[in-house]
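S.K.: Please find one structure pasted underneath; my questions will follow.
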DNA sequence: GTTTTACTATTCACAATTGAATAGGACGGA
DNA sequence: TCCGTCCTATTCAATTGTGAATAGTAAAAC
């Protein structure tokens with residue numbers, strides 16, 4: 044019967060996915076000798092060779108690949124189990140894990156969560172700032188704040204707002220170099236922009252201003268750094284209007300420019316929707332972020 | 044993340060299914076304190092109460108019941124995994140587990156398997172004699188010999204033969220009491236039959252002979268005991284024709300009686316079909332049992 | 001050609017998990 | 001009422017599993 048250690052399956056999946064014992068150990072949070080023993084024992088118990096011990100790693104054999112598909116099904120089952128378990132928890136205490144874009148996580152959420160932690164001292168918050176989309180089924184996070192329309196199924200998604208973008212610069216920079224008169228004049232200024240990501244370049248070209256990455260004098264792929272650079276007076280850059288509105292040292296430029304709008308979504312998995320803890324957090328975030336997005340209109 | 048011990052799930056399923064820690068421990072093959080700790084730790088890790096500690100056992104709570112369905116999915120996945128693994132084994136050595144009806148397991152298969160073990164000394168045989176239908180997905184057995192048409196899906200089934208049944212008695216009994224002349228005369232004889240199971244009674248009634256369980260002077264639900272009783276000269280009973288044919292001390296009676304016929308099937312799960320070890324065993328069994336079933340015709 | 005890096009395998013002290021034994025509670029039958 | 005049986009909870013010695021450290025290999029980087 045299937046009376047072998049079910050944990051061996053977890054190690055099996057990890058090694059199959061990463062291709063090495065060491066990487067698998069890092070992923071699971073255990074040590075390389077342990078993973079190695081697990082694989083050995085699984086192979087011994089099944090009487091099969093699951094991996095080819097190649098140079099620099101473990102490679103699945105054919106039989107191993109066949110079995111992997113079953114093991115993945117099992118892991119997905121475990122994911123669903125723990126998701127359902129998390130969704131069944133009662134009471135307003137415990138941990139809520141929030142994932143958000145770097146900008147939101149660094150510049151917007153800390154203040155909101157500071158207020159929240161006063162209202163709900165029993166709830167601990169884990170905040171992950173990343174622009175990578177996360178897998179809510181695998182519980183990378185309980186709640187995700189994303190600036191893209193969610194695509195994953197089985198999610199409950201609420202749209203918070205459409206966040207307009209605008210060019211802006213600090214008072215110190217504008218005093219030194221003046222304000223641009225139109226999009227073409229922008230090219231005469233110290234532009235702050237993205238490095239490898241070319242979405243901004245395409246946007247400019249769509250506006251009729253011929254631009255390549257060297258048009259930006261200060262380049263970084265980290266949006267938070269862009270923001271800090273704008274504040275520091277390095278030059279002119281693109282930012283979310285609500286953020287600009289909040290910062291008195293900044294001035295919004297060329298408001299007539301037809302720039303794209305970022306949709307802001309709050310998403311969570313439907314199985315955790317009914318957890319009071321998570322629901323409470325989500326409701327608070329929704330309200331606070333709506334206020335934040337609307338705050339620009341008032342100014 | 045789902046980084047709890049996957050073995051806890053196995054214990055969880057076992058307790059949920061059996062309703063007590065002790066029974067679950069017996070089922071899994073571990074000790075009651077261990078299972079108890081597993082449940083405690085699972086509840087602690089999830090922050091949920093899965094069981095109500097009632098008197099004389101553990102009872103699922105509502106949330107526990109919800110989670111059980113996920114856990115069952117997981118266990119089925121593990122079953123499939125180990126089934127696939129068993130089916131992937133190469134070489135003609137290892138263990139093959141055969142399940143068969145009590146009669147087949149006691150009276151027919153031992154001789155066949157004795158021949159087989161000479162031909163395939165590398166294969167170890169486990170033989171389970173039970174009239175309960177087994178779950179081949181959960182690998183109660185690799186191969187099942189059944190006297191009923193298989194219903195489970197995902198099985199590979201081969202029909203071996205239709206085995207006719209007949210009344211018979213030993214020479215010693217017949218010398219003492221004479222042979223019955225027709226089905227009505229049977230009631231004047233010492234009939235050997237089933238106790239709680241009423242299939243034989245219904246059969247007799249269908250033949251026009253009015254019969255109840257007290258018409259049988261010797262009753263047992265164990266088919267093997269019936270057979271041994273017939274041989275011992277206790278009376279007249281029903282048996283498979285090929286078995287009667289093999290036993291010179293027995294005489295077949297009333298061959299014109301329209302008795303039902305038992306289909307004999309060899310079944311195995313499709314995922315183990317390609318294991319050389321299991322396939323070899325199944326082929327041998329099929330051939331040997333076909334011979335056995337046909338042996339009656341020759342006599 | 002040497003260094004750096006990434007990996008596996010092995011050792012060994014330690015920490016974790018296990019199960020035999022035991023105590024105690026609730027039920028059902030004599 | 002008492003006894004036997006079923007169950008759970010707890011204790012503690014022994015086993016099992018773990019991970020830091022280390023040695024060794026092969027490839028990539030300099």
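Chains as they are written, first to last, in this note's numbering: chain L, 44 to 342; chain G, 44 to 342.
We put the beta carbon where it would ideally sit given N, CA and C, even for glycine.
Because the structure is a prediction, the values reported are computed rather than measured.
1) Does the segment 87-107 of chain G come close enough to the segment 273-283 of chain G that 3 or more CB-CB pairs lie under 8 Å?
2) In chain G, what lies closer than 7 Å to residue 250 of chain L by C-beta?
3) Around the C-beta of residue 159 of chain L, are 16 or more other C-beta atoms found within 10 angstroms, so that it is buried, or is it exposed?
4) Comparing alpha-carbon positions, which option in L:206, L:204, L:207, L:180 lies nearest residue 194 of chain L?
5) Identify which residue in L:178, L:119, L:145 has its Cα closest to the Cα of residue 312 of chain L.
6) Between the Cα of residue 132 of chain L and those of G:124, G:125, G:106, spot the shortest distance and give me the residue it belongs to.
7) Where does residue 314 of chain L land, buried or exposed, given buried means 16+ other C-beta within 10 angstroms?
8) Any beta carbon of chain L sitting closer than 7 Å to that of residue 123 of chain G?
9) Is residue 172 of chain G helix, strand or coil by DSSP?
10) If I follow the unbroken beta strand (DSSP E) through residue 34 of chain G, where does it start and stop?
11) At a Cβ threshold of 7 Å, is residue 68 of chain G touching chain L?
12) Establish whether the CB of residue 323 of chain L and some CB of chain G are separated by less than 7 Å.
13) For residue 95 of chain L, list the residues DSSP reports as bridge partners.
14) Between which two residues does the beta strand (DSSP E) carrying residue 301 of chain L extend?
15) Does chain G have any CB closer than 7 Å to the CB of residue 127 of chain L?
16) Which residues in the same chain have their Cβ closer than 6 Å to the Cβ of residue 140 of chain G, if we skip the five residues on either side of it in sequence?
17) Is residue 143 of chain G helix, strand or coil when you go by DSSP?
18) Helix, strand or coil for residue 261 of chain G, going by three-state DSSP, please let me know.
19) Would you decide whether residue 81 of chain L is buried or exposed? Buried here means 16 or more other CB atoms lie within 10 Å of its CB.
20) In three-state DSSP terms, what is residue 219 of chain G?
21) Determine, using beta carbons only, whether residue 110 of chain G and residue 128 of chain L come nearer to each other than 7 Å.
22) Please confirm if the segment 161-175 of chain L is in contact with the segment 193-209 of chain L, defined as three or more CB-CB distances below 8 Å between the two stretches.
23) Identify each residue in the segment 98-120 of chain L for which the Cβ-Cβ distance to at least one residue of chain G is less than 7 Å, and report them in chain order.
24) As an exercise, report each continuous beta strand (DSSP E) stretch of at least 3 residues that is fully enclosed by the segment 268-342 of chain L, in chain order.
25) Report the neighbours of residue 205 of chain G on chain L: residues whose CB is nearer than 7 Å to its CB, in chain order.
26) Within the 7 Å Cβ cut-off, does residue 53 of chain G reach chain L?
27) With DSSP as the reference, identify every bridge partner of residue 188 of chain L, one or two as the case may be.
28) At a CB-CB cut-off below 7 Å, which residues of chain L make contact with residue 165 of chain G?
29) May I have the straight-line CA-CA distance separating residue 287 of chain G from residue 151 of chain G, to the nearest angstrom?
30) Do residue 295 of chain L and residue 220 of chain L have their beta-carbon atoms positioned less than 7 Å apart in this structure?
31) How about residue 230 of chain L and residue 258 of chain L: are their beta carbons less than 7 Å apart?
32) Can you name, in chain order, every residue of its own chain whose Cβ lies under 8 Å from the Cβ of residue 302 of chain G, other than the five neighbours on each side?
33) For residue 308 of chain G, which residues of its own chain have a beta-carbon under 6 Å away from its beta-carbon, when the five flanking residues on both sides are left out?
34) Just the chain L side, please: which residues come within less than 7 Å of residue 74 of chain G by C-beta, in chain order?
35) Tell me whether residue 96 of chain L is buried or exposed, calling it buried when 16 or more other Cβ atoms sit within 10 Å of its Cβ.
M.R.: With the given structure in hand:
1) Taking one beta carbon from each stretch, the segment 273-283 of chain G and the segment 87-107 of chain G have fewer than 3 pairs nearer than 8 Å; the two do not touch.
2) Those within 7 Å of residue 250 of chain L in chain G number zero; the least Cβ separation is about 44 Å.
3) Result: buried.
4) Comparing Cα positions, the closest option is L:180.
5) Closest by C-alpha distance to residue 312 of chain L, out of L:178, L:119, L:145, is L:178.
6) That would be G:106, whose Cα lies nearest to the Cα of residue 132 of chain L.
7) Buried is the call here.
8) Taking a beta-carbon distance threshold of 7 Å, residue 123 of chain G counts as an interface residue toward chain L.
9) In the structure shown, residue 172 of chain G sits in a strand (DSSP, three-state: E or B).
10) Given that chain G is displayed from residue 44 to residue 342, the structure contains no residue 34 of chain G and the question cannot be resolved.
11) Answer no: the Cβ-Cβ gap between residue 68 of chain G and chain L never drops below 7 Å.
12) Closer than 7 Å: no.
13) Residue 95 of chain L has L:102 as its beta-bridge partners, per DSSP.
14) In the DSSP annotation of this structure, residue 301 of chain L is not part of any beta strand (DSSP E), being labelled neither H nor E.
15) Residue-level contact check: residue 127 of chain L touches chain G, since one or more beta carbons of chain G fall below 7 Å from its beta carbon.
16) For residue 140 of chain G, where only same-chain residues beyond five positions count, the Cβ hits under 6 Å are 169, 184, 185.
17) Secondary structure at residue 143 of chain G: strand, using DSSP grouped into helix, strand and coil.
18) In the structure shown, residue 261 of chain G sits in a strand (DSSP, three-state: E or B).
19) Note on residue 81 of chain L: 16 or more other CB atoms within 10 angstroms of its CB, so buried under the neighbour-count rule.
20) In this structure, residue 219 of chain G counts as helix in the three-state DSSP scheme.
21) Contact: yes.
22) Three or more Cβ pairs closer than 8 Å define a contact, and the segment 161-175 of chain L falls short of that threshold against the segment 193-209 of chain L.
23) The residues in question are 106, 109, 110, 113, 114, 116, 117, 120.
24) The beta strand (DSSP E) runs of length 3 or more contained entirely in the segment 268-342 of chain L are, from start to end of the chain, 280-283, 293-296, 304-312.
25) By Cβ distance, chain L contributes nothing, its closest Cβ being about 33 Å from residue 205 of chain G, past 7 Å.
26) At least one chain L Cβ lies under 7 Å of residue 53 of chain G.
27) Answer is L:143, L:309, bridged to residue 188 of chain L.
28) None at all; the shortest Cβ gap to chain L is about 13 Å.
29) One C-alpha to the other measures close to 12 Å.
30) Their beta carbons are not under 7 Å apart, which means residue 220 of chain L does not touch residue 295 of chain L by this criterion.
31) Here residue 230 of chain L is near residue 258 of chain L, since their CB atoms are less than 7 Å apart.
32) Apart from the 5 residues on each side of it in sequence, residue 302 of chain G sits with its Cβ closer than 8 Å to the Cβ of 207, 208, 209, 210, 246, 281 in its chain, given in chain order.
33) A distance below 6 Å between beta-carbons, with the five flanking residues on each side excluded, links residue 308 of chain G to the following residues of its chain, in chain order: 189, 193, 200, 202.
34) Neighbours of residue 74 of chain G across chain L, judged by C-beta separation under 7 Å, do not exist; the nearest C-beta is about 15 Å away.
35) By the 10 Å Cβ count, residue 96 of chain L comes out exposed.
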